[in-house]
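K.L.:
Heads up, the sequence shown is in our numbering, so the first residue is 3 and it goes up one at a time.
We put the beta carbon where it would ideally sit given N, CA and C, even for glycine.
Have a look at this one.
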Amino acid sequence: MIKWLSKWLRKFHRWIAVPTAIAIPAVLILKLVGNKELMEIWEKLEKIPSLLMLIMALSGAYLFLIPYIAKGQRKKRSQTKEE
């Protein structure tokens, strides 16, 4: 189960990285331009980059911890086999 979850989460993390990488520079450009019409549109979509960054942080933290989790599970299995 964990291998399937890890593969799926890795793909999901990669696909979320693309819109995040596009959204952040787009936000900076919109704020620098300062056009009132663009700013009105942006106010409706303002939470999207923050949400994408939160998803990236959570999935990235899990992906970072996978090797440590697996190492602990291997160690636990080897201890139970020895007993």
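On a Cα-Cα basis, can you pick out the residue from Leu11, Trp6, Ile4 that is closest to Leu60?
P.N.:
Counting from one through the sequence shown, the residue named residue 60 turns up at place 58. It is Leu11.
K.L.:
Could you check the C-alpha separation between Lys73 and Ile43 for me, to the nearest Å?
P.N.:
Taking the first residue of the sequence shown as 1, we reach residue 73 at position 71. Taking the first residue of the sequence shown as 1, we reach residue 43 at position 41. Those two C-alpha atoms are separated by around 48 angstroms.
K.L.:
Measuring straight from C-alpha to C-alpha, what distance separates Lys33 and Pro27?
P.N.:
Counting from one through the sequence shown, the residue named residue 33 turns up at place 31. Counting from one through the sequence shown, the residue named residue 27 turns up at place 25. Rounded to whole angstroms, Lys33 to Pro27 spans 10 angstroms at the Cα level.
K.L.:
Looking at the structure shown, is Leu65 part of a helix, part of a strand, or coil, going by DSSP?
P.N.:
Indexing the sequence shown from 1 puts residue 65 at position 63. Looking at Leu65 - three-state DSSP - the assignment turns out to be helix.
K.L.:
Nearest-angstrom Cα distance between Ile57 and Lys46?
P.N.:
Within the sequence shown, numbered from 1, the residue matching residue 57 stands at position 55. Within the sequence shown, numbered from 1, the residue matching residue 46 stands at position 44. Going by the C-alpha atoms only, they are around 20 angstroms apart.
K.L.:
Out of Ile71, Met55, Lys77, point me to the one whose CA is closest to Arg16's CA.
P.N.:
Along the sequence shown, one-based indexing puts residue 16 at 14. Nearest of Ile71, Met55, Lys77 to Arg16, Cα basis: Met55.
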